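All residue numbers for the sequence shown refer to full-length UniProt numbering, where the first residue is 1 and numbers rise by one. Don't be surprised by glycine CBs; every beta carbon is placed ideally from N, CA and C. Computed from a prediction, not measured in an experiment: that's the story for all the values here. Some notes on the structure that comes next.
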Amino acid sequence: MSDMPLQKVRPGTVHRVRPDISVLSDSLEVPGIGHLPVNAFVLLASEPMVVDTGLGLPDRDFLATLGSVLEPADVRWIWLTHPDRDHTGGIFELLEAAPKARLVTTFIGAGIMSCERPFPLDRLYLLNPGERLDLGDRTLIGFRPPLFDNPATVGFFDERSGVCFSSDCFGGPMPTAELAQADDARAAPVEDLRAAQLLWATVDSPWIENVDPDKYRAGFQPFLDREPDLVLSTHLPPAAGITGSMIDTLASAAGTPAFVGPDQAALEQMLAGFEPGGGGR
């Protein structure tokens with residue numbers, strides 16, 4: 001799959017991965033890490049749902065991208081996998097544009113969001129791992145992914161399609177924006193994908209260094225039980241047909257040392273390269 005052609009991408013590229021599921025694809029370049037995919041999703045259920053709301057950067061227009069798939073006013077549910085800024089970029093604009101939509105999150109998630117801007121409590125729908133949400137033509141089952149960076153994280157399985165929405169889990173930075181916004185994770189060579197996912201595990205979930213290996217691996221049991229053919233992670237291109245190999249990759253990460261980024265000396269050296277006469281441009 002590593003030979004599949006890649007086209008130039010732009011923020012807000014849309015991939016229709018199932019007749020009723022679209023990926024709103026974006027990416028963010030992180031120095032020293034790579035190009036991190038940042039996806040949101042649309043479920044065209046009887047009661048349409050948006051999953052996460054992308055980046056909040058000035059050159060992004062989440063509502064315009066969403067509008068190419070679904071009229072924002074028709075959205076009935078917004079599933080917030082967790083309230084980090086790369087998941088909430090368009091959330092308040094969407095809540096305003098979709099007055100009938102309710103925000104699915106946890107008690108902790110609602111508390112974190114209220115630190116940014118208050119919103120009506122009657123628009124909240126609190127859902128914990130193990131609980132279900134009925135969208136009319138399908139049922140979603142919430143679960144705690146085995147890797148996460150926020151205590152409010154809840155992914156879900158779509159019982160109708162069999163697709164798993166895993167939030168940050170299974171993510172991996174890519175070497176280019178084109179790969180980060182590809183329509184298939186298999187566009188990356190197998191070993192490169194494995195290395196990217198192991199790196200992301202140590203960046204996004206640094207506590208993995210200290211976990212009990214057996215308890216940690218038990219966290220993958222919901223995937224083994226359901227065997228989803230398609231996994232949709234916020235930080236990976238759509239991953240079809242490789243769930244088993246991705247589980248093997250992440251299951252091996254227990255005990256891996258946490259990622260340590262550049263320190264102040266490295267930052268000053270980098271900044272010096274951009275000063276006049278410093279040799280950088």
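_Element boundaries [alpha helix (DSSP H), containing residue 192]_ = Under the DSSP assignment, residue 192 falls in the alpha helix (DSSP H) whose first and last residues are 190-204.
*asked:* In the DSSP assignment, the alpha helix (DSSP H) including residue 230 goes from what residue to what residue?
replied: Careful: residue 230 lies outside any alpha helix (DSSP H), inside the beta strand (DSSP E) at 230-233.
_Entirely enclosed beta strand (DSSP E) segments - the stretch 45-79, minimum 3 residues_ = Entirely contained in the stretch 45-79, the beta strand (DSSP E) runs reaching 3 residues are, in chain order, 49-51, 77-79.
*Is there contact between the stretch 258-271 and the stretch 230-245, where contact requires at least three CB pairs shorter than 8 angstroms?*
Not touching, per the Cβ criterion.
*Could you name the residues of the same chain whose beta carbon sits closer than 7 angstroms to that of residue 265, not counting the 5 residues immediately before and after it, in chain order?*
Around residue 265: no qualifying Cβ.
*asked:* Assess contact between the stretch 199-210 and the stretch 143-154, defined as three or more Cβ pairs (one per stretch) separated by less than 8 angstroms. Is contact present?
replied: Because the criterion of three Cβ pairs below 8 angstroms is met, the stretch 199-210 and the stretch 143-154 touch.
*asked:* Using C-beta distances below 6 angstroms, list every residue in its chain close to residue 216, excluding the 5 sequence neighbours before and after it, in chain order.
replied: Hits under 6 angstroms: 254.
*Beta carbon of residue 50 nearer than 9 angstroms to that of residue 28*: No; because the gap between Cβ atoms is not below 9 angstroms, this pair is not in contact.
*Kindly indicate which three-state DSSP category residue 114 falls into: helix, strand or coil?*
The answer is helix: DSSP assigns residue 114 an H, G or I state.
*Taking all protein chains shown into account, decide if residue 157 is buried (16 or more other Cβ within 10 angstroms of its Cβ) or exposed.*
It is buried - the Cβ of residue 157 has at least 16 other Cβ atoms within 10 Å.
*Is the beta carbon of residue 13 less than 9 angstroms from the beta carbon of residue 221?*
For residue 13 and residue 221, no; Cβs fall outside 9 angstroms.
*Excluding five sequence neighbours on each side, which residues of the same chain lie with their C-beta closer than 7 angstroms to the C-beta of residue 36?*
The residues are 27, 28, 30, 173, 180, 235.
*So, helix, strand or coil for residue 254, using DSSP?*
Residue 254: coil per DSSP, three-state reduction.
*Three or more beta-carbon pairs under 8 angstroms between the stretch 115-123 and the stretch 153-168, yes or no?*
No, the stretch 115-123 is not in contact with the stretch 153-168.
*May I have the straight-line CA-CA distance separating residue 44 from residue 159, to the nearest angstrom?*
Rounded to whole angstroms, residue 44 to residue 159 spans 14 angstroms at the Cα level.
*asked:* So residue 103 and residue 85 are supposed to be a Cβ contact under 8 angstroms. How far apart are they, rounded?
replied: Between residue 85 and residue 103 the Cβ distance is about 16 angstroms, and since that is not below 8 angstroms, they are no contact.
*Starting from the Cα of residue 196, find the closest Cα among 250, 41, 238, 263 and give me that residue.*
A check of alpha carbon separations from residue 196 across 250, 41, 238, 263 identifies 250 as the nearest.
*Using the DSSP secondary-structure output, state which residues sit across from residue 132 in a beta bridge.*
Bridge partners of residue 132: 141.
*Quick one: Cα of residue 94 to Cα of residue 229, how far?*
Cα-Cα distance, rounded: 30 angstroms.
_Nearest-angstrom Cα separation, counted from residue 76 out to residue 246_ = Answer to the nearest angstrom: the Cα atoms are 32 angstroms apart.
*asked:* By the three-class DSSP mapping on this structure, what secondary structure does residue 161 have?
replied: Coil at residue 161, not helix or strand.
_My output table needs one value for residue 227: the three-state DSSP class, helix, strand or coil._
In this structure, residue 227 counts as coil in the three-state DSSP scheme.
*asked:* Helix, strand or coil for residue 21? Go by DSSP, reduced to three states.
replied: Annotated three-state conformation of residue 21 is strand, per DSSP.
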